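Q:
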Amino acid sequence: MISENLHKIQQEIQDSCALVSRQASDVHLVAVTKSVDTSMTQTLLENGVRDCAENRVEQLLSKKQALRNYPDVKWHFIGNLQRRKVKSIINEIDYFHALDSFKLAQEIQKRAEQPINCFVEVNVSQEASKQGISPEEVDSFIQDLASLDKIHVVGLMTMAPIDASSNERHQLFKTLKQLQQRIADLQLTHAPCLDTSMGMSNDFSEAIQEGTTFIRVGTALFQE
Ligand SMILES: *Cc1c(COP(=O)(O)O)cnc(C)c1O
118 MISENLHKIQ QEIQDSCALV SRQASDVHLV AVTKSVDTSM TQTLLENGVR DCAENRVEQL
178 LSKKQALRNY PDVKWHFIGN LQRRKVKSII NEIDYFHALD SFKLAQEIQK RAEQPINCFV
238 EVNVSQEASK QGISPEEVDS FIQDLASLDK IHVVGLMTMA PIDASSNERH QLFKTLKQLQ
298 QRIADLQLTH APCLDTSMGM SNDFSEAIQE GTTFIRVGTA LFQE
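Numbering (our numbering), first residue to last: 118 to 341.
What follows is the structure, given as structure tokens:
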């Protein structure tokens with residue numbers, strides 16, 4: 118079941134890339150394992166997945182510990198991270214997808230033993246309920262991070278509203294891609310910003326068509 122789902126997703130990644138003449142190898146599939154247990158996660162690893170994402174600190178730490186026989190797995194933290202929990206998780210992850218405040222960045226600066234790969238979360242749709250900084254703030258926010266040498270901005274992250282139409286999602290993803298490219302053009306040492314993290318089970322094809330390099334897929338991997 119998992120292997121079939123994975124195969125289908127990989128096929129859809131390829132098809133989506135083909136539509137816009139991209140290479141499937143430029144798209145990183147991050148498996149969101151927040152809703153499954155360690156043994157399901159292990160099944161994914163046995164099928165070749167090497168990027169796992171969690172949105173809860175305790176769950177990531179316990180899964181990573183249980184799956185320590187797979188040392189080449191990259192662990193991604195995709196959830197809202199409370200400042201008081203930074204210390205326990207920040208040196209255990211390879212990517213943090215939800216940097217959205219300078220105070221959080223300062224706490225990471227204080228606790229990290231080496232530079233941390235961060236995606237700055239942007240609330241492109243400007244929904245009141247969503248995390249993330251507004252598109253207008255992205256430039257100055259990223260410039261401000263230059264003073265924190267433990268923050269390495271690899272890219273920008275966003276989520277589309279659940280009820281967005283296909284057209285609206287394309288537009289959102291296009292906007293994030295443009296923002297990312299604008300930052301990349303600045304050639305900032307602390308913020309190369311070459312990647313985007315966007316697209317989930319129901320919209321990763323659209324995100325790929327708009328140029329994303331990381332997609333975060335949960336449900337589609339585990340459905341019956
Ligand atoms: C849960 C989650 C996902 C995966 O969503 P699916 O619809 O299950 O693919 C991706 N990104 C974030 C931030 C999430 O919390």
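Every residue, glycine too, gets a C-beta built ideally from N, C-alpha and C. Note that this is a predicted model, so its numbers are computed, not measured.
Where does T292 fall in DSSP's three states?
A: If DSSP states are grouped into helix, strand and coil, T292 belongs with the helices.
Q: Would you tell me roughly how many angstroms separate the C-alpha atoms of C235 and K294, rounded to the nearest one?
A: So the alpha carbons of these two residues sit roughly 16 Å apart.
Q: Measuring alpha carbon to alpha carbon, tell me which residue in Q340, K125 and V166 is nearest D189.
A: Selected option, being the one with the closest Cα: V166.
Q: Is the CB-CB distance between T158 and K191 below 8 Å?
A: No, the pair does not count as a contact, with Cβ atoms beyond the cut-off.
Q: What does a CB cutoff of less than 7 Å around A308 pick up in its chain, not counting 5 residues either side in sequence?
A: Same-chain partners within the cutoff: I259, L262, V270 and I300.
Q: CB of I130 to nearest heavy atom of ligand 1: below 7 Å?
A: Checking every heavy atom of ligand 1 against the Cβ of I130, none is found closer than 7 Å.
Q: For the structure I just gave you, are there three or more beta carbon pairs, one from the region 245-256 and one from the region 282-289, closer than 8 Å?
A: Short answer: they don't touch.
Q: How far does the alpha helix (DSSP H) with A222 in it reach, from first residue to last?
A: Counting along the chain, the alpha helix (DSSP H) containing A222 begins and ends at F219 to R228.
Q: With the cut-off set at 8 Å, would you say F194 and E230 are in Cβ contact?
A: No, these two residues do not count as a Cβ contact at 8 Å.
Q: Need the endpoints of the beta strand (DSSP E) that D312 sits in, please.
A: Looking at the DSSP string, the run of the beta strand (DSSP E) that includes D312 is D312 to S314.
Q: Tell me whether R173, by its Cβ, gets closer than 7 Å to a heavy atom of ligand 1.
A: False, no ligand heavy atom lies under 7 Å from that Cβ.
Q: Starting from the N-terminal side, write out each stretch of the alpha helix (DSSP H) that is 4 residues or longer and does not extend beyond the region 249-307.
A: List check, alpha helix (DSSP H) in window: 255-261 and 283-302.
Q: Per DSSP, E238 forms a beta bridge with which residues?
A: DSSP, once it has assigned bridges, lists M274 as partnering E238.
Q: Starting from I332, trace the beta strand (DSSP E) both ways and give me its first and last residue.
A: Run containing I332: F331 to V334, per the beta strand (DSSP E) assignment.
Q: Which ranges does the beta strand (DSSP E) cover as unbroken runs of at least 3 residues, wholly within the region 128-209, from first to last along the chain?
A: Here the runs fully enclosed are 145-149, 168-171 and 191-194.
Q: Whole angstroms are fine: how far does the CA of S257 sit from the CA of L177?
A: Distance between the alpha carbons of L177 and S257: 31 Å.
Q: Buried or exposed for M315, going by 16 or more other Cβ atoms inside 10 Å?
A: Result: buried.
Q: Rounded C-beta distance between L265 and Q226? I'm assuming under 8 Å.
A: Sure, about 4 Å apart at Cβ, within 8 Å.
Q: Any heavy atom of ligand 1 inside 7 Å of the beta-carbon of T336?
A: Yes; taking the cut-off as 7 Å, the Cβ of T336 has a heavy atom of ligand 1 nearer than that.
Q: Of the choices P232, N208, N240 and N319, whose alpha-carbon is the least far from that of S218?
A: Among P232, N208, N240 and N319, the Cα nearest to that of S218 belongs to N240.
Q: Does at least one heavy atom of ligand 1 sit under 7 Å from the Cβ of N284?
A: It does not: the Cβ of N284 is nowhere closer than 7 Å to a heavy atom of ligand 1.
Q: Taking 8 Å as the threshold (C-beta atoms), are F339 and S156 in contact?
A: Their beta carbons are not under 8 Å apart, which means S156 does not touch F339 by this criterion.
Q: For T336, does the count of other Cβ atoms within 10 angstroms reach 16, so buried, or fall short, so exposed?
A: The residue in question, T336, is exposed, as its Cβ has fewer than 16 Cβ neighbours within 10 Å.
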